[in-house]
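Worksheet: one structure, shown below.
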Amino acid sequence: MTATDVLIRMLDAFDGRPDATALRARSYDLLLPADGPGGPVADVGCGAGRAVAELSERGVRAIGVDHNEQMIEVAARRWPEIDVRVGDACELPFKDGELAGYRADKVLHTLPDPAQGIAEAYRVLAPGGRAVVLGQDWEATVIDSDSPELTRRVVQARAAQVRNPRAARAQRRLLLDAGFREVTVEAHTAVFTGELAMLLVSDTVGACRQAEAVTDAEAVTEAEADRWLDEQRLRAGNDRLFVAVPFFMAAGTRP
Numbered sequence: 021m022t023a024t025d026v027l028i029r030m031l032d033a034f035d036g037r038p039d040a041t042a043l044r045a046r047s048y049d050l051l052l053p054a055d056g057p058g059g060p061v062a063d064v065g066c067g068a069g070r071a072v073a074e075l076s077e078r079g080v081r082a083i084g085v086d087h088n089e090q091m092i093e094v095a096a097r098r099w100p101e102i103d104v105r106v107g108d109a110c111e112l113p114f115k116d117g118e119l120a121g122y123r124a125d126k127v128l129h130t131l132p133d134p135a136q137g138i139a140e141a142y143r144v145l146a147p148g149g150r151a152v153v154l155g156q157d158w159e160a161t162v163i164d165s166d167s168p169e170l171t172r173r174v175v176q177a178r179a180a181q182v183r184n185p186r187a188a189r190a191q192r193r194l195l196l197d198a199g200f201r202e203v204t205v206e207a208h209t210a211v212f213t214g215e216l217a218m219l220l221v222s223d224t225v226g227a228c229r230q231a232e233a234v235t236d237a238e239a240v241t242e243a244e245a246d247r248w249l250d251e252q253r254l255r256a257g258n259d260r261l262f263v264a265v266p267f268f269m270a271a272g273t274r275p
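Residue numbers for the sequence shown follow my numbering, beginning at 21 and rising by one.
Following this line, the structure appears as structure tokens:
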């Protein structure tokens, strides 16, 4: 199983939840004017294409863009009728002012320079076009544990494996700095208590074992990682798992 296969599995598990469905719907409401967008809308970092399909169902001319060719292949196979293309979020395959809407979900934290991604959104949008960006704050993940200090280091070690773990909290600033107006921000929290919570804590431990970027004082040893994961497995067996992930959604208008 490739890393992309694992990512698709996790995204499918998360995106099928009612709260994730509601969050996407909210992003569409912020993206689309009441009388329709009046032009094409891009879903950047479209992954397996779920949002592109949902926007198309709303009558939007939606175009999905993702740098991962395997993701695009999966999206085209799942929804043969949608328009998906391989492309870079920092060099989008659109002309200046070509789009009426831009959406990026769980994308900015993966970019070498999130500001460049937002500047690209500004470039491809026509005046009056809307941009909506959303993502999780990797350093603010909450996990219940009997070892809060170790948990803090585990969360930080996981965040250290993300290129820009604080990109979500910077979304408002990035939009304003790029020139967007009427910028708004919303906070949403996803709570996990079952099988998906165990998948998240397992991913957290797996990533923090590789966390070479953290300082020696913050590093999590193999023994600590094992002990922490054993506690979480015990909690899972007793239905006591609790993971909360904050998401921030910012929207703005291109003047």
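Idealized CB from N, CA, C, for every residue including glycine.
Bear in mind that the values here come from a model prediction, so they are computed numbers and not experimental data.
Check, Outcome
"Short Cβ contact (8 Å threshold) for Pro60 with Arg81", "yes"
"Buried or exposed by the 16-neighbour rule on C-beta atoms within 10 Å, applied to Arg123", "buried"
"Meets three-Cβ-pair contact criterion under 8 Å: the stretch 238-255 and the stretch 157-174", "yes"
"Cβ pair Ser165, Glu251 closer than 8 Å", "yes"
"CA-to-CA distance, Pro132 to Met21, given in whole angstroms", "26 Å"
"Nearest candidate by alpha-carbon position, reference Val162, set Pro53, Ala40, Val265 and Asp32", "Val265"
"Three-state secondary structure (DSSP) of Ile138", "helix"
"Contact check, Lys126 vs Gly155, beta carbons under 8 Å", "yes"
"Stretch pair the stretch 98-116 + the stretch 144-152: three plus CB contacts closer than 8 Å", "yes"
"Thr235 (DSSP reduced to helix, strand or coil)", "With a pLDDT of 45 at Thr235, under the threshold of 50, the modelled position of this residue cannot be trusted, and the question is left open."
"Nearest to Leu88 (by Cα), restricted to the options Val72, Gly67, Ala73 and Arg97", "Reading the sequence as shown, one finds Asn at residue 88 and not Leu. With distances taken between Cα atoms, Asn88 lies closest to Gly67."
"Assumed close pair Ala54, Pro134 - CB separation to whole angstroms, cut-off 8 Å", "Contact doesn't hold; Cβ gap of about 30 Å is too wide."
"Cα-Cα separation between Ala70 and Ser222, rounded to whole angstroms", "Here the sequence assigns Arg to residue 70, which means Ala is not the residue at that position. In a straight line, the C-alpha of Arg70 is about 25 Å away from that of Ser222."
"Leu119 versus Gly149: straight-line alpha-carbon distance, rounded", "7 Å"
"Val72 versus Gly79 - alpha carbon distance", "11 Å"
"Alpha-carbon spacing of Gln90 relative to Thr24, whole angstroms", "7 Å"
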